Structures are given as C-alpha cells and as structure tokens.
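Numbering (this note's numbering), first residue to last: 8 to 253.
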Amino acid sequence: MEVTYKTQGIILQREQYGENDSRVFVYTSDFGKLELVARGTQKLSSKLAAHLEPLNLCEIMVVRGKQYDYLGTAISEEVFAGIKDDYDKTTVAGEILKLVNEVTKEKQAEQAIFLLLKEFFSILNDVETRHGASLLEILFSAFTLKFLSLLGYAPQLERCVVCQKTIELDNNKFSFSHGGMVCKMCNAPDSVAISNEAVKIMRLALTPNWQEILKLTIPNELRTETGRLATQFKEYCLVDFLRQKR
C-alpha cells in the first residue's frame, strides 16, 4: 500500500497527545474513522491546528507510520460557521460528533455515514435560527434514526414486528426490544403507546427528503414524543451494538 494517501473527512474530535502533538479522530469518505497523530499542533505557531477543529470538513493527507498513522496536511473545505456561531446548533452538532466517534470502528469504510454527516451539517449550517430549538430537535431525531438505520437498526414502521401484518394507524405501540411497531392486536413486554402523527414523522425521517422535514410545524407535545422515542430507541440499539462491537 502507498506510504501516503489523501481523502476527505470530518473532524470528530481532537485531543492533546504528548506535549506538542494532537490525536485527531476523523470520519473519512473512503476509509471510515481514522485515528491520526498530528505533530506539533499544540504549538502556538502551528498552521495545521486551525484546520483540525471538530466539525471541520477537510481534505487531508495521511502518512502511514509503523506505530501510528500521521496527519501530513489538512485543508479546511467547510468550517460550518453557521453552526459554530449558534449555541443551539453547536450543541446538536456536538452530540452527533460524540455519537459517531463513540460508535464507529476504525478503518471500516462506510461512505453512507460520511455522506449523512456532510449533508446533515450542511442543512444544520443553513437552517434559519428563527425556527428555534423545536426544529433542531426534530432534525436531531431524524439524524438519529437515519444513523441507526445505517448501523443496521432501522425501525420497522410499516408492519407489526409480532404478527407481520401491515400497520394501520390506530392505537399502535412501539417496542424497543423488537425494533418497531406493534399493532393493537399484539403485545410486546416493553412496548409504549405511539401516536399516529409520531409514526408519520418517524417514517418521514427515514426517507432521503430533508426538505419535507424542514417544512414541518410540529406541536411541542408531538416534538417531545418523537424525540423521546428516538432517544430511547437509540439507547436500546447502542447497548446491543456496542456489545457486538467488543
């Protein structure tokens, strides 16, 4: 394999490594997550350090080493200033960077995850702040469901996970352990009630159409319900995923 290679990546995390260096986690287009050492980037004189801020989309060159791979160069292509200048957006982006960094394995290429990150941060960067935290919460829930789907945990929203019959929007439940909808005729031990509108939003979240999500005007109660379901489903799935990852 070549001594150096180039790729595009999003900076997930940067931390001090030794006295003068940094350890950088990057999710790349071609190689999945990489853990790289960036030499000299703790020095005030470092020109490379500014390009390694979390969230930055960079063109990077990686130098292969015996013990570690090193970050040779990094040039920022997009810094997502519209996110970094907004506290609520920064909070959402930070949660996503942390989630992806904790869950993904190194050097397992999954371009769909990179493209999801890139697309989501572009949307988050440009969305008008007048929409407030309510839209950001829905966008975060939508990202969560899309990301879980790419990990192999797409929720079953069209058929009952018990009897496999097509779901009719009438007094349904959602089972976290079974991974989807439970019709009114069936039962699952950990199922919770789910409103018809929450089902519709979750279905929309799993489509590629972000623009339809951006058009939504969602009452606070429904936004809270959808966010709670997405969060609880994520927590259940990640326990299972991380168990298998070990």
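We treat Cβ as the ideally placed atom computed from N, Cα and C, and that holds for glycine. These numbers come from a predicted model, not from an experiment.
May I ask you to check if the CB of residue i is nearer than 7 angstroms to at least one heavy atom of the ligand MN?
i, result
"Q171", "Of ligands this structure carries none, so the ligand MN is not represented either."
Where does the unbroken alpha helix (DSSP H) through residue i begin, and where does it stop?
i, result
"T98", "94-110"
"A88", "88-91"
"F121", "118-133"
"I220", "217-221"
Output needed for residue i: all residues of its chain with C-beta closer than 8 angstroms, excluding positions within five of it in sequence on either side, in chain order.
i, result
"R166", "K172, T173, I174, G187, M188"
"M8", "Low confidence applies to M8: its pLDDT is 48, below 50, so where it sits in the model is not reliable, and the reading given next is rough at best. Around M8: R71."
Less than 7 angstroms between C-beta atoms, sequence neighbours within five positions excluded: which residues of the same chain meet that for residue i?
i, result
"R230", "S141, E144, I145"
"L176", "N203, V206"
"T97", "I90, K91"
"F150", "I103, F127"
"K191", "D177, N178, N179"
Is it right to say residue i is buried, meaning 16 or more other beta carbons lie within 10 angstroms of its own, or is it exposed?
i, result
"A237", "buried"
"V107", "buried"
"K241", "buried"
"T224", "exposed"
Kindly indicate the opening and closing residues of the beta strand (DSSP E) around residue i.
i, result
"R21", "11-24"
For residue i, I'd like the list of residues in its chain whose CB is within less than 6 angstroms of its CB, leaving aside the five on either flank, ordered along the chain.
i, result
"T111", "K40"
"S83", "H58, N63, C65"
"T80", "M68"
"Y160", "C244"
"N132", "F87, G89, I90"
"E85", "L64"
"V10", "R71"
"I120", "L157"
"A12", "Residue identity check: residue 12 is Tyr in the sequence provided, not Ala. Cβ within range, chain order: V69."
Name, in chain order, the residues that DSSP records as bridge partners for residue i.
i, result
"F181", "M188, V199"
"S148", "In DSSP, S148 forms no bridge with anything."
"C65", "G16, S83"
"T35", "G16, G39"
"E113", "K40"
"L78", "V69"
Original post:
Is the number of C-beta pairs between the stretch 140-154 and the stretch 164-172 that are closer than 8 angstroms three or more?
Top reply: Contact between the stretch 140-154 and the stretch 164-172 is absent, because fewer than three Cβ pairs lie under 8 angstroms.
Original post:
Is the stretch 37-56 in contact with the stretch 87-101, if contact means three or more CB pairs nearer than 8 angstroms?
Top reply: With the cut-off at 8 angstroms, the stretch 37-56 and the stretch 87-101 do not touch.
Subject >> Segment contact, 8 angstroms Cβ cut-off, at least three pairs: the stretch 11-18 with the stretch 33-41 >> reply: Result yes; three or more Cβ-Cβ pairs closer than 8 angstroms.
Original post:
Using 8 angstroms as the Cβ pair cut-off and three pairs as the minimum, do the stretch 47-56 and the stretch 92-109 touch?
Top reply: Too few Cβ pairs lie closer than 8 angstroms, so no.
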